[in-house]
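Asks:
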Amino acid sequence: MIFLDHNSTTRPDTAVVEAVREALETHWHNPSSVHRAGQEARRVVELARESCAALLGVRPRELTFTSGGTESIDLAIRGSLAAAPAKQRVIVTTGVEHHAVRDACDDLARRGEAQVRLAAVDAAGVVRLDALRELLTGDVALVSIQWANNETGVVQPVRDVAALCRERGVRFHCDGVQWVGKMPARLGTGPDALDCDLFSFSAHKFHGPKGAGVLYARPGVRLVPRLHGSQEQGRRGGTENVPGIAGLGVAARLAQAWLDGPAQIEIPQLAQRRDAFERAVLGACPDASVNGPPAPAPPAQRLWNTTNIAFPRLEAEAILLALSERGVCASAGAACSSGSLDPSPVILAMGVPPERAHGSVRFSLSRETTPDELAEAAGIVGEVMARLRASMP
Ligand code: PLP
Numbered sequence: 004m005i006f007l008d009h010n011s012t013t014r015p016d017t018a019v020v021e022a023v024r025e026a027l028e029t030h031w032h033n034p035s036s037v038h039r040a041g042q043e044a045r046r047v048v049e050l051a052r053e054s055c056a057a058l059l060g061v062r063p064r065e066l067t068f069t070s071g072g073t074e075s076i077d078l079a080i081r082g083s084l085a086a087a088p089a090k091q092r093v094i095v096t097t098g099v100e101h102h103a104v105r106d107a108c109d110d111l112a113r114r115g116e117a118q119v120r121l122a123a124v125d126a127a128g129v130v131r132l133d134a135l136r137e138l139l140t141g142d143v144a145l146v147s148i149q150w151a152n153n154e155t156g157v158v159q160p161v162r163d164v165a166a167l168c169r170e171r172g173v174r175f176h177c178d179g180v181q182w183v184g185k186m187p188a189r190l191g192t193g194p195d196a197l198d199c200d201l202f203s204f205s206a207h208k209f210h211g212p213k214g215a216g217v218l219y220a221r222p223g224v225r226l227v228p229r230l231h232g233s234q235e236q237g238r239r240g241g242t243e244n245v246p247g248i249a250g251l252g253v254a255a256r257l258a259q260a261w262l263d264g265p266a267q268i269e270i271p272q273l274a275q276r277r278d279a280f281e282r283a284v285l286g287a288c289p290d291a292s293v294n295g296p297p298a299p300a301p302p303a304q305r306l307w308n309t310t311n312i313a314f315p316r317l318e319a320e321a322i323l324l325a326l327s328e329r330g331v332c333a334s335a336g337a338a339c340s341s342g343s344l345d346p347s348p349v350i351l352a353m354g355v356p357p358e359r360a361h362g363s364v365r366f367s368l369s370r371e372t373t374p375d376e377l378a379e380a381a382g383i384v385g386e387v388m389a390r391l392r393a394s395m396p
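Per my numbering, the sequence shown starts with residue 4, numbered consecutively.
The following block contains the structure:
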């Protein structure tokens, strides 16, 4: 099997599996208990918090453990809205966010609890800062914009967004789920740091376990909790998922070691590998095109691991099933993957015509993907497309 669906999830590292196992077997006690066994479990949680904090360059107490990206985002959005003054009922976001953001915003709008304003994006899916600026009026409670897109890998100018929000005194949440572990992510005010108020990420996107995530909140940023309880400084009630958090901590340490060392050579190599795959697929399927900035796309514009290719007049679902039969795992927009034939709202928001959006497929690499796997996969994609086209009426 050739797994090119790493934006959905990644293989947990061996050391991560070991940490999860050890937490289950040895540190299964409740970290809120005062006895020694409980305090050992607490130590596991706090060590993991330190590793996550080191990865972001922040202080451990600024982090809240959650059940993953979706919950972190939910707490950031609803917790901010609930903490904002009554006259601030607007959330500003874009049409290319992950459905964790989109669905939370739609739900708040449907209930009449918030008004949602979408900042326009350009044809590459990048937010237009001039359009965003116009929307930042005194009634805005929160801006939520992702760092990198899960479907296209397109990178948003989040530092400029943060500066704009700071200038207007508006709170900024950044969805960093696809960025963390793949690229350096320093939060705060130093050079190259991202000066956001809230920041979400999730372990299973960088070789950690599923069901463990983090919400960073800058000191002084008030949130009304969604789950009440004394844990996580009262910001998120519920007994902590010690095995998941232990695995997340190890994944964070490994990601940092990779980013500080090998990544500096490997990221450009991985991007070239992805570009070569893209060229091979486009060569085999002349009417196909890339959704997002075309290759060679530097990692500052498009994550080194992602390519989203439109195959006109075909359906993504049929392509994914045919690829899966040949042993290649890829993915499509959220709606397609849930069995519906609706094209991805993200791809549509970029202005891609529906006949292209319907046949758009995402291939995503991990730091473990090899050139041989990509060459073989490109050959299979070409053959599958030729077969699907030949069977069209
Ligand atoms: N945000 C982005 C950009 C994502 O890609 C994902 C997951 O794919 C999420 C949020 C949700 O994260 P989780 O799966 O941990 O709930």
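Glycine is no exception: its CB is placed at the ideal position from the N, C-alpha and C atoms.
Remember, it's a predicted structure, so these values are computed and weren't measured experimentally.
To the nearest angstrom, how far is the alpha carbon of residue 14 from that of residue 332?
Replies: Taking the first residue of the sequence shown as position 1, residue 14 is located at position 11. Taking the first residue of the sequence shown as position 1, residue 332 is located at position 329. Distance between the alpha carbons of residue 14 and residue 332 is about 13 Å.
Asks: Keeping to the same chain, check which residues put their C-beta closer than 8 Å to that of residue 388; ignore five residues upstream and five downstream.
Replies: Sequence index remark: in the sequence shown, residue 388 carries index 385 (1-based). These residues qualify, in order along the chain: 287, 288, 291, 314, 317, 322.
Asks: For residue 255, which option in 4, 7, 19 has the closest C-alpha, if you only look at C-alpha atoms?
Replies: To locate residue 255, count along the sequence shown from 1; it is residue 252. Residue 19 is the option with its Cα nearest to residue 255.
Asks: Under the three-state reduction of DSSP, which class applies to residue 178: helix, strand or coil?
Replies: Here residue 178 refers to the residue found at position 175 when the sequence shown is read from its first residue. Residue 178 falls in the strand class under three-state DSSP.
Asks: Hey, how far is the Cα of residue 107 from the Cα of residue 80?
Replies: Position 104 of the sequence shown, counted from the start, is the residue given in the question as residue 107. Position 77 of the sequence shown, counted from the start, is the residue given in the question as residue 80. For residue 107 and residue 80, the distance between alpha carbons rounds to 8 Å.
Asks: Alpha carbon to alpha carbon, what distance is there between residue 74 and residue 94?
Replies: In the sequence shown, the residue the question calls residue 94 occupies position 91. In the sequence shown, the residue the question calls residue 74 occupies position 71. Between residue 94 and residue 74, the C-alpha separation is close to 17 Å.
Asks: In three-state terms, what does DSSP make of residue 186?
Replies: As a position in the sequence shown, residue 186 is number 183, starting the count at 1. Residue 186 falls in the strand class under three-state DSSP.
Asks: Quick one: using the 10 Å Cβ neighbour count with 16 as the cut-off for buried, is residue 339 buried or exposed?
Replies: In the sequence shown, residue 339 corresponds to position 336, counting from 1. Any answer about residue 339 is weak, because its pLDDT of 39 lies below 50 and its placement is not dependable; what the coordinates show is given next. Counting Cβ neighbours within 10 Å, residue 339 comes out buried, since at least 16 surround it.
Asks: How is residue 339 classed by DSSP in three states: helix, strand or coil?
Replies: Translated into the one-based positions of the sequence shown, residue 339 becomes position 336. Because the pLDDT at residue 339 is just 39, under 50, the model does not fix this residue reliably, and the point stays unresolved.
Asks: Have a look at the DSSP bridge pairing and note the partners of residue 107.
Replies: The sequence position of residue 107 within the sequence shown is 104, counting from 1. BP columns for residue 107 are empty, so no partner.
Asks: Taking 8 Å as the threshold, find out whether the stretch 247–263 comes into contact with the stretch 115–123 through three or more Cβ pairs.
Replies: Touching, no.
Asks: Let me make sure I understand the geometry here. Which of 72, 139, 168, 302 has the alpha-carbon closest to that of residue 209?
Replies: Within the sequence shown, the letter at position 206 stands for residue 209. The option with the nearest alpha carbon to residue 209 is 72.
Asks: Beta-carbon separation of residue 84 and residue 111 under 8 Å?
Replies: As a first step, residue 84 is located in the sequence shown; it is residue number 81 there, counting from the start. As a first step, residue 111 is located in the sequence shown; it is residue number 108 there, counting from the start. Their beta carbons are under 8 Å apart, which means residue 84 touches residue 111 by this criterion.
Asks: Within this structure, are the beta carbons of residue 61 and residue 249 separated by less than 8 Å?
Replies: In the sequence shown, residue 61 corresponds to position 58, counting from 1. In the sequence shown, residue 249 corresponds to position 246, counting from 1. Going by C-beta atoms, residue 61 is not nearer than 8 Å to residue 249.
Asks: Which residue spans inside the stretch 44–104 form an unbroken beta strand (DSSP E) run of at least 3?
Replies: Segments of the beta strand (DSSP E) lying fully in the stretch 44–104: 66–69, 93–97.
Asks: What is the DSSP secondary structure of residue 6, reduced to helix, strand or coil?
Replies: Counted from its first residue, the sequence shown places residue 6 at position 3. Three-state result, residue 6: strand.
Asks: Apply the 10 Å Cβ neighbour rule to residue 185 and answer buried if 16 or more other Cβ atoms are within range, or exposed otherwise.
Replies: Looking up residue 185 in the sequence shown gives position 182. That one is buried.
Asks: Could you check what DSSP says for residue 159 in three-state terms: helix, strand or coil?
Replies: Reading the sequence shown from its first residue, position 156 is the one you call residue 159. If DSSP states are grouped into helix, strand and coil, residue 159 belongs with coil.
Asks: Starting from residue 327, trace the alpha helix (DSSP H) in both directions and tell me its first and last residue.
Replies: Sequence index remark: in the sequence shown, residue 327 carries index 324 (1-based). Looking at the DSSP string, the run of the alpha helix (DSSP H) that includes residue 327 is 319–328.
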